[in-house]
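Novice: Numbering (the working numbering), first residue to last: 113 to 526. Glycine included, each C-beta is placed from N, C-alpha and C at the ideal position. All values derive from a computational prediction rather than experimental measurement.
(1) When the Cα atoms are used, what is the spatial distance from residue 471 to residue 456?
(2) Could you tell me which whole beta strand (DSSP E) segments of length 3 or greater appear in the segment 432-488?
(3) So is residue 348 buried or exposed if we call it buried at 16+ other beta carbons inside 10 Å?
(4) Could you give the DSSP three-state label for residue 226: helix, strand or coil?
(5) Hey, residue 162 and residue 450: beta-carbon distance below 8 Å or not?
(6) Shortest alpha-carbon distance to residue 340 belongs to which of 324, 260 and 328?
(7) Ordered along the chain, which non-local residues of its own chain (more than five positions away) have a Cβ less than 6 Å from that of residue 318?
(8) How is residue 524 classed by DSSP in three states: helix, strand or coil?
(9) Pair every Cβ in the segment 271-278 with every Cβ in the segment 249-260, then say whether three or more of these pairs are closer than 8 Å.
(10) Looking only at DSSP bridge pairs, what is residue 320 linked to?
(11) Helix, strand or coil: which one does DSSP assign to residue 346?
(12) What residue does the beta strand (DSSP E) around residue 169 start on, and which one ends it?
(13) Rounded to whole angstroms, what's the CA-CA distance from residue 344 to residue 400? Just pull it up for me.
(14) With 16 as the cutoff for other CB atoms within 10 Å, does residue 266 come out buried or exposed?
(15) Classify residue 166 as buried or exposed, calling it buried when 16 or more other Cβ atoms lie within 10 Å of its own Cβ.
(16) DSSP state of residue 313, grouped into three classes?
(17) Using the Cα positions of residue 387 and residue 397, report the straight-line distance between them to the nearest angstrom.
(18) Roughly how many angstroms separate the alpha carbons of residue 499 and residue 375, rounded to a whole number?
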């Protein structure tokens, strides 16, 4: 019998999700302001772009920290000197800023969600509002979703216990976060409606949300539920990898995705006698076993878009080697893309290109074809975001040694 593991995982907060903004409690909702600011001139840089980026910089992106990308918009933050109000900006493929949300920099964060109904990607912002039941100065943290193209409100505000902890739309009050100095229970929200799918105070801890599906853990059950709370699968439904079929084997949550959320989830298998036996990767919707992995290396999961997941890990039959795999669908076998060196670590997955960082160098792996790009040392750092059919954004140092973000064309730029 499989026993659910109670071993916890440390919460790792993605910095890009935690910098925040809040309007003073009780003020009129001015969540989004429509604008049409033109693109900024391209910067002067002295380094060449890394592959497969090409050409000269197209325009300077108005962000001061790494943006995220929806299908059609870059979403990111801009702040001047310390203490100035923060602006969330939506920038299109031509570099024009289409809407802005101004906030105080101490109180909120943002994430790109995935609506399972139509595939849209609402932008979820945190805020603080006055709590009429808590006293004169009391506030509550709220989350609201906005259309990335026009800034229209999709849902919210919805009360949440604290900041974004992920993966996906999972929120909690976390000690030492910008939102709270307390720890607290987690909740997971439905990206389509903002309704609560799972609440730790009701006995189930949400661990991973993707398109309204949530992996949860209670005292005796590990399961995935849908947006209505219905069970999709439980740990007792899982196929036990043959090498680990022994009495008392336990299964629990494995390593989190490196950034954002994924359609596949990693689980960790343990026994009292041997400790960690290894890892498995499953389709979140069905629980179908996709990969069985050795315990020698923690698997790295990255979102490749459109329901695809890239995993960098050591297969159980080759524990001393590492490979990149692409997972397209629970009904299809994993695609082995190529070998990853012992000294290489996944740095970014942008525009179907996996960037691997080695000792002072980078190389690329095309996750569509498995083609390996040339290693480089003198080109710029990897990009941080890219539009579906538009440019990519990368951080650069200008000729006057100022760090900015700029847009460059990719092989998919129209």
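Specialist: To lay it out plainly:
(1) Computed Cα separation, rounded: 8 Å.
(2) Secondary structure in the segment 432-488: the beta strand (DSSP E) runs of 3 residues or longer, each lying completely within the stretch, are 434-439, 447-452, 457-462, 465-469 and 474-478 in chain order.
(3) Per the 10 Å Cβ criterion, exposed.
(4) Residue state, collapsed to three classes: coil.
(5) Cβ distance not < 8 Å, so residue 162 and residue 450 don't count as in contact.
(6) The candidate whose alpha carbon is nearest that of residue 340 is 324.
(7) Closer than 6 Å at the Cβ level, and outside the excluded window around residue 318, lie 282, 298, 300, 310, 326 and 328.
(8) In the three-state reduction of the DSSP assignment, residue 524 falls in the coil class, being assigned neither a helical nor a strand state.
(9) The segment 249-260 and the segment 271-278 touch, with three or more beta-carbon pairs separated by less than 8 Å.
(10) In DSSP, residue 320 forms a bridge with 327.
(11) Three-state DSSP puts residue 346 in a strand.
(12) Where residue 169 is concerned, the enclosing beta strand (DSSP E) starts and stops at 166-173.
(13) About 11 Å.
(14) Buried, because 16 or more other Cβ atoms sit within 10 Å of the Cβ of residue 266.
(15) By the 10 Å Cβ count, residue 166 comes out exposed.
(16) Reduced to three states, the DSSP call for residue 313 is helix.
(17) If I take the Cα positions, the gap works out to 28 Å.
(18) Roughly 20 Å between the two C-alpha positions.
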